[in-house]
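Chemist: Which chain is which? The protein sequence lines are A and B, in order. In terms of this note's numbering, the first sequence opens at residue 361 and continues consecutively. In terms of this note's numbering, the second sequence opens at residue 1442 and continues consecutively. Note that beta-carbon positions come from the ideal geometry of N, C-alpha and C, so glycine has one too. Small disclaimer: the values here were computed from a predicted structure and weren't measured. Quick one: this structure, given as structure tokens, is what I'll be asking you about.
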Amino acid sequence: MTSATLDHYVLISALLFAIGLFGVLLRRNTLVVFMCLELMLVASTLALVAFSRFNGTMDGNVFVFFILTVAAAEVAVGLAIIVALFRKRQTIQLNELNSLKN
Amino acid sequence: MTMLSHAIFVLILPLVSAAIIALFLRRSGGAAAAVSTLTAAAIAVISVILALHNERFTASTEWMRLGGLVISLGFKFDDLAALMLVIVGIVGLCVHVFSLGYMHDDPAKARYFGGLSIFMFSMLGIVFADNLFMMFIFWELVGFSSYVLINHWHEKQSASDASKKAFIANRVGDFGFLLGIVMCYWLNGTVSLTELAAKGEAHTLVFSTLIPLFLFCGAVGKSAQLPLHVWLPDAMEGPTPVSALIHAATMVAAGIYMLCRINVLMVPAALDVIMWTGTATALYAALCAITQSDIKKVLAYSTLSQLGFMVAAFGLGSLSSTHLHGTEAHTVVIAAGVGAAMFHLTTHAFFKALMFLGSGSVIHGCHHEQDIFKMGGLRTRMPLTFWTFTIGVAAIIGFPYLAGFFSKDAILYLAFEKNSAVFALLALTAVLTSLYMVRLWKLTFLGTPRSDHASHAHEGGLTLTLPLVFLAVLSLVAGYTAFYPNVFSGVFEHIPEAHGSDHTIIFITSLGVMAVGASIGYFFYKSTPTDTLADKVPGLFAALSAFRNAFDGAYGYYVAKIQQRFALFVNFFEQIFLAGLIVRGLAGFVGLCGLGARALHVGNLNAYVYWFLFGLVALWLFATGVL
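As structure tokens, then:
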């Protein structure tokens, strides 16, 4: 068994990012879209950690700490909005949330 | 108080009066009339004090500075200004007093007297102005007050048309005036009359034929010379006292006054133009006056004709002022023109104001009948008006030893010395002047009444007759230069006077033309309800009428057929290019963009993510230099 190289990590990261992106593009449930967004963030942190590990510097790791902190705050706000949205509209389906258009 | 503060006071006073009337007295005509008339009385008194006090001064203060251009407001009070000031003050007071009676029952009395006050302010501004910019400002204000007062009875279509015509005709002339001021500033670096005079004495003045000609355009408009004279006869739609003050004695004379102010800028070629313009106007207007049946229109054309005399006198006097012949002869000759023009302006102001107020008295007595063929026999019914009007007529036709006799002789003598063609034409004009004035006088006052209004005519009150008597006295004595206090010598010492055989020739000519014209007027015209000339020589009458209407016809044709078509043509392009292509086109393009952008707004979050992605890709392509 060969050990994992940087390419593997970047590949995994790109796959995760693509999965997240397509989820955002295609899914209709706000919660799922939101989770896919988080997935994209995590994919980027994975890449950063990998770069940090293989370059032998701490830059990427420091970045990840900031991203995690911001992501936690963002999730708190985002989830709160979604809960409030559901209470107000009884739905979190994206194609039904179009009152600005109509 | 110094004389300068007197001058400032006399200038500001009518403005204050007008402001008070406009702000507080709009509904109370009686109070407005009192305020305005008291102001006029104060102006008359202070004017006389200022003139008699032998102090002449100049003073100016900077008003605004635009780069290197300094516009200042100031006073230039010399003998010329003093004379003009006294004329404006005295005639102004007479007209105010007359208006008290004439406009007594007018519903818009406050507006009328406010207009008179603002006119007095504007006119005094012209008199005092020490530079051309300031003169231009007050020049325009005078035009405005003239517009307001002609338009006093604005519910009458003819009055409102006449006021617009007067304003527009004056604008044409004023544009030339403005060009002249700009050009004078450009070439000489100053428009101050004092500095220009100083430069003239120091021989550093830059001469150009165009400067005096452009400035003369202003006089052509304001003093109603050919070809911008058309507004003055129509301006008779205004109340009669206004015609007396503005359109006979003062405002229309402002053009002559302005010419005298700028005579240092004159060059021979420009003076030739001025002389011939004046002569042509004098003759043309006299011919027009013969066929008029409206008492005020006869006087209006007579005013035009007399203004033509003054302009011709100004142009004549300076005729031989070539800059080749040394300075001594140059100044003397120019001053002769100024002297003759200002002398005639003075006497004319008195006797023409007298006749206009007399016609006002007649119109008032005949219940606003203005047709002289419906008058007649007023001699016994309105004796005071008759006698004062007779003095006015005698003065204008040059009856010996009355005001007009001396001033007209001065002009005729000047013409006799300088240019025999002009002399002949002016003498012919003098014949016509006596003809139409005697015709007017006979039809109005002699014979028997030809309408009910005339047979029930009556003399007006004291406010109507007192100014007539006062002006009649002035018309009797104003021709004697000895009558004037010595303070006007700066003007009057330049009046040309004939001596020896010249004196005899001028005297005989003057008497002859007066006698011939007056006899034709007296014996040819019969006291009938129709024009004797139209009855006996209809061809001549029709020709004169057509001649009179030629200018109005030409302007009408120009406006309706040429200007209007050109305007339509330009309007077409405006519609297509400006309004169509540029305004509508730009708006349409932006609207189209908006339509496209609106299509992107689908209301679906997923779609927005796609746009976001495309945007990101575009940004990336741009950043990498692919795009």
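Starting from the C-beta of Gly1641/B, find all residues in its chain whose C-beta is less than 6 Å away, skip the five residues before and the five after it, and write them out in chain order.
Modeler: Contacts found: Val1705.
Chemist: Measure the beta-carbon distance from Tyr369/A to Ala410/A and round it to whole angstroms, keeping in mind my assumption that it falls under 8 Å.
Modeler: Yes, Tyr369/A and Ala410/A are in contact; Cβ-Cβ is about 4 Å, under 8 Å.
Chemist: Within the 8 Å Cβ cut-off, does Tyr2049/B reach chain A?
Modeler: No, Tyr2049/B lies away from the interface with chain A (no Cβ there is under 8 Å from its Cβ).
Chemist: What would DSSP say about His1771/B, mapped onto helix, strand or coil?
Modeler: Caution applies to His1771/B, whose pLDDT of 43 falls short of 50 and renders its modelled position unreliable; the model cannot decide the point.
Chemist: Can you find a CB in chain A that lies within less than 8 Å of the CB of Gly2044/B?
Modeler: Judged by the 8 Å Cβ criterion, Gly2044/B is in contact with chain A.
Chemist: Starting from the N-terminal side, write out each stretch of the alpha helix (DSSP H) that is 4 residues or longer and does not extend beyond the stretch 1871 to 1947 of chain B.
Modeler: Within the stretch 1871 to 1947 of chain B, the complete alpha helix (DSSP H) runs of at least 4 residues are 1893 to 1896, 1903 to 1918, 1930 to 1933.
Chemist: Could you check whether the stretch 1676 to 1690 of chain B touches the stretch 1739 to 1747 of chain B, counting it as contact only if at least three pairs of C-beta atoms, one from each stretch, sit closer than 8 Å?
Modeler: Yes, since at least three Cβ pairs between the stretch 1676 to 1690 of chain B and the stretch 1739 to 1747 of chain B fall closer than 8 Å, the two stretches touch.
Chemist: When the cut-off is 8 Å and only beta carbons count, does Asn415/A lie next to chain B?
Modeler: Not an interface residue.
Chemist: How would you write the range of the alpha helix (DSSP H) that Ser1477/B sits in, first residue to last?
Modeler: Element bounds for Ser1477/B: 1470 to 1493.
Chemist: Going straight from the alpha carbon of Phe1791/B to that of Val1532/B, what length do you get?
Modeler: Straight-line Cα distance between these residues: approximately 7 Å.
Chemist: Starting from the beta carbon of Asn458/A, find every residue of chain B whose beta carbon is closer than 9 Å, and list them in chain order.
Modeler: Correct list: Val2043, Gly2044, Asn2045, Leu2046.
Chemist: Relative to the C-alpha of Leu1740/B, which candidate in Ala1607/B, Thr1874/B, Gly1662/B has its C-alpha closest?
Modeler: For the residues Ala1607/B, Thr1874/B, Gly1662/B, the minimum Cα distance to Leu1740/B belongs to Thr1874/B.
Chemist: Where does the unbroken alpha helix (DSSP H) through Phe377/A begin, and where does it stop?
Modeler: Residues 366 to 386.
Chemist: Have a look at Val1583/B and Leu1887/B and give me their C-alpha separation to the nearest angstrom.
Modeler: Taking the straight line from one Cα to the other gives about 38 Å.
Chemist: Nearest-angstrom Cα distance between Ala1500/B and Ile1622/B?
Modeler: Approximately 20 Å, taken between the alpha carbons.
Chemist: Please say whether Thr1829/B and Ala1919/B have beta carbons closer to each other than 8 Å?
Modeler: Contact flag unset, no.
Chemist: Three-state secondary structure (DSSP) at Gln453/A?
Modeler: Gln453/A falls in the strand class under three-state DSSP.
Chemist: In whole angstroms, give me the CA-to-CA distance for Thr1922/B and Asp1520/B.
Modeler: So the alpha carbons of these two residues sit roughly 14 Å apart.
Chemist: What does Asn455/A reach in chain B if we use C-beta pairs closer than 7 Å?
Modeler: Near Asn455/A (Cβ distances below 7 Å), the residues of chain B are Asn2045.
Chemist: Please report whether the beta-carbon of Leu385/A lies at a distance below 8 Å from any beta-carbon of chain B.
Modeler: It does; some Cβ of chain B falls within 8 Å.
Chemist: Could you tell me how far apart the beta carbons of Ala1551/B and Leu1466/B are, in whole angstroms, since I believe they sit closer than 8 Å?
Modeler: Yes, Ala1551/B and Leu1466/B are in contact; Cβ-Cβ is about 5 Å, under 8 Å.
Chemist: Per the contact definition of three or more C-beta pairs closer than 8 Å, is the stretch 1604 to 1617 of chain B in contact with the stretch 1656 to 1672 of chain B?
Modeler: The answer is yes - the stretch 1604 to 1617 of chain B touches the stretch 1656 to 1672 of chain B, with three or more Cβ pairs under 8 Å.
Chemist: Suppose contacts are defined by Cβ-Cβ distances below 8 Å. Is Phe1929/B in contact with Ala1523/B by that definition?
Modeler: Result yes, Cβ atoms of Phe1929/B and Ala1523/B sit closer than 8 Å.
Chemist: Is the stretch 2007 to 2019 of chain B touching the stretch 413 to 421 of chain A in the sense that three or more CB pairs, one from each, lie closer than 8 Å?
Modeler: Counting Cβ pairs under 8 Å, fewer than three are found: no touch.
Chemist: Between which two residues does the beta strand (DSSP E) holding Thr1499/B run?
Modeler: Residues 1498 to 1507.
Chemist: From the DSSP output, which residues share a beta bridge with Ile1512/B?
Modeler: In the DSSP output, where bridge partners are listed per residue, Ile1512/B has Met1505/B.
Chemist: To which residues does DSSP link Phe1518/B through a beta bridge?
Modeler: Phe1498/B.
Chemist: Are three or more beta carbon pairs between the stretch 1548 to 1566 of chain B and the stretch 1663 to 1673 of chain B nearer than 8 Å?
Modeler: No contact exists between the stretch 1548 to 1566 of chain B and the stretch 1663 to 1673 of chain B.
Chemist: What would DSSP say about Ala1836/B, mapped onto helix, strand or coil?
Modeler: Helix.
Chemist: Residues in the same chain with beta-carbon distance under 7 Å from Ser412/A, minus the five sequence neighbours each way, listed in chain order, please.
Modeler: Here the set comprises Met418, Asp419, Gly420, Asn421.
Chemist: Nearest-angstrom Cα distance between Ala436/A and Glu398/A?
Modeler: Roughly 12 Å separates the two Cα atoms.
Chemist: By the three-class DSSP mapping on this structure, what secondary structure does Asn1572/B have?
Modeler: Strand.
Chemist: Evaluate Ser1477/B with the Cβ neighbour count: other Cβ atoms within 10 Å of its Cβ, from every protein chain shown; 16 or more gives buried, anything less gives exposed.
Modeler: The residue is buried, with at least 16 neighbouring Cβ atoms inside 10 Å.
Chemist: Under the assumption that Asp1602/B contacts Phe1814/B (Cβ atoms under 8 Å), give the Cβ distance between them as a whole number of angstroms.
Modeler: So it is not a contact: roughly 24 Å between Cβ atoms.
Chemist: Val393/A: buried (16+ other C-beta within 10 angstroms of its C-beta) or exposed?
Modeler: Looking at its Cβ environment, which holds 16 or more other Cβ atoms inside 10 Å, Val393/A is buried.
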